[in-house]
Amino acid sequence: DTEVTQTPKHLVMGMTNKKSLKCEQHMGHRAMYWYKQKAKKPPELMFVYSYEKLSINESVPSRFSPECPNSSLLNLHLHALQPEDSALYLCASSQSPVSNQPQHFGDGTRLSIL
Amino acid sequence: RKEVEQDPGPFNVPEGATVAFNCTYSNSASQSFFWYRQDCRKEPKLLMSVYSSGNEDGRFTAQLNRASQYISLLIRDSKLSDSATYLCVVGFPGTASKLTFGTGTRLQVTL
Chain A
18 DTEVTQTPKH
28 LVMGMTNKKS
38 LKCEQHMGHR
48 AMYWYKQKAK
58 KPPELMFVYS
68 YEKLSINESV
78 PSRFSPECPN
88 SSLLNLHLHA
98 LQPEDSALYL
108 CASSQSPVSN
118 QPQHFGDGTR
128 LSIL
Chain B
1395 RKEVEQDPGP
1405 FNVPEGATVA
1415 FNCTYSNSAS
1425 QSFFWYRQDC
1435 RKEPKLLMSV
1445 YSSGNEDGRF
1455 TAQLNRASQY
1465 ISLLIRDSKL
1475 SDSATYLCVV
1485 GFPGTASKLT
1495 FGTGTRLQVT
1505 L
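Residue numbers (this note's numbering), protein chains in the order written: chain A, 18 to 131; chain B, 1395 to 1505.
Structure, rendered in structure tokens:
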């Protein structure tokens, strides 16, 4: 069982909808991440939160809006998505925001844009 | 040149075989190295960190060669349950926890 919990597991939405993906961890980790993964490709980093502050935005379109309400929670707000945004969205956390820490992944939200 | 390169495979091996995967990275200042496994339509799971002295966890052995910028993963006595994609992951210094993933090597263990 993963210690990083993501909801929902699956999401189908239209291009005009607004929805949010949620991620939660209770390991006391102080860095949290959003990744996007397309089929047969490795995960691509989208955002990094370090001590609840956004530290990396990998030039992600503004239709994706991250939020970190507290050290255990990470949200990804979605609005006006495009069909090419259909993918597996993975949340991860690590003990601290340094590159020698392994990241632990949630089981993802599979998103389909109609 | 890609930052992290892996042979995509697939590697098809019989149960009980020994199989080795290789990975090369381009940034000589890289500090941290990991192997993850990912099952079809599942999340990546940490298999093991890779240390300079090499490390072993049961049937799995990881090696790091900094001079050649090369990481390896050896799986002994392959099981059907080892079938997955193995991702080589590298952390670069000064990039605040940014990890770079290889494209993965697909392993299929057969009866």
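Ideal Cβ positions, reconstructed from N, Cα and C, are used throughout, including at glycine.
Please report the distance separating the alpha-carbon of residue i from that of residue j.
| i | j | result |
| --- | --- | --- |
| residue 129 of chain A | residue 103 of chain A | 5 Å |
| residue 95 of chain A | residue 81 of chain A | 5 Å |
| residue 89 of chain A | residue 1467 of chain B | 33 Å |
| residue 1435 of chain B | residue 117 of chain A | 26 Å |
| residue 1421 of chain B | residue 38 of chain A | 34 Å |
| residue 1437 of chain B | residue 71 of chain A | 23 Å |
| residue 1400 of chain B | residue 32 of chain A | 36 Å |
| residue 22 of chain A | residue 42 of chain A | 6 Å |
| residue 1478 of chain B | residue 69 of chain A | 34 Å |
| residue 1446 of chain B | residue 77 of chain A | 35 Å |
| residue 1429 of chain B | residue 1402 of chain B | 15 Å |
| residue 1461 of chain B | residue 62 of chain A | 28 Å |
| residue 101 of chain A | residue 1443 of chain B | 33 Å |
| residue 79 of chain A | residue 51 of chain A | 14 Å |
| residue 25 of chain A | residue 126 of chain A | 6 Å |
| residue 1432 of chain B | residue 1439 of chain B | 6 Å |
| residue 98 of chain A | residue 86 of chain A | 23 Å |
| residue 131 of chain A | residue 83 of chain A | 22 Å |
| residue 106 of chain A | residue 75 of chain A | 15 Å |
Among residues of its own chain, excluding the 5 on either side of residue i, which ones have a beta-carbon nearer than 8 Å to its beta-carbon?
| i | result |
| --- | --- |
| residue 1408 of chain B | 1472, 1503, 1504 and 1505 |
| residue 1395 of chain B | 1420 |
| residue 121 of chain A | 19, 20, 21, 42, 44, 46, 109, 110 and 111 |
| residue 1448 of chain B | 1455, 1456, 1457 and 1458 |
In its own chain, which residues sit with a C-beta less than 6 Å from the C-beta of residue i, not counting the 5 before and 5 after it?
| i | result |
| --- | --- |
| residue 1419 of chain B | 1398, 1463 and 1484 |
| residue 1415 of chain B | 1467, 1480 and 1499 |
| residue 1470 of chain B | 1412 and 1453 |
| residue 1426 of chain B | 1485 |
| residue 1404 of chain B | 1500 and 1502 |
Strictly below 7 Å CB to CB, what residues from chain D border residue i?
| i | result |
| --- | --- |
| residue 124 of chain A | In the displayed structure, chain D is absent; the protein chains listed are A and B. |
What are the partner residues of residue i, as DSSP defines its beta bridges?
| i | result |
| --- | --- |
| residue 68 of chain A | Paired residues: none, contrary to the question. |
| residue 1413 of chain B | B:1469 |
| residue 53 of chain A | A:61 and A:106 |
| residue 41 of chain A | A:22 and A:90 |
| residue 1430 of chain B | B:1440 and B:1481 |
| residue 1451 of chain B | B:1454 |
| residue 1400 of chain B | B:1417 |
| residue 126 of chain A | A:106 |
| residue 1501 of chain B | B:1405 and B:1478 |
Quick one: residues in its chain with C-beta nearer than 7 Å to the C-beta of residue i, no 5 flanking neighbours on either side, listed in chain order?
| i | result |
| --- | --- |
| residue 36 of chain A | 28, 30 and 95 |
Point to revise | Every unbroken beta strand (DSSP E) within the stretch 82 to 108 of chain A, with a cutoff of 3 residues, ordered by chain | key: 90 to 96
**Study point:** Unbroken stretches of the beta strand (DSSP E), 3 residues or longer, contained in the stretch 1464 to 1498 of chain B
**Key:** 1464 to 1469, 1478 to 1485 and 1493 to 1495
Exercise for review: May I ask you to verify whether the stretch 110 to 124 of chain A touches the stretch 30 to 48 of chain A, counting CB pairs closer than 8 Å and requiring at least 3?
Suggested key: yes
Practice item. Take every Cβ of the stretch 1475 to 1482 of chain B, pair it with every Cβ of the stretch 1491 to 1501 of chain B, and state whether three or more of those distances are shorter than 8 Å. Key: yes
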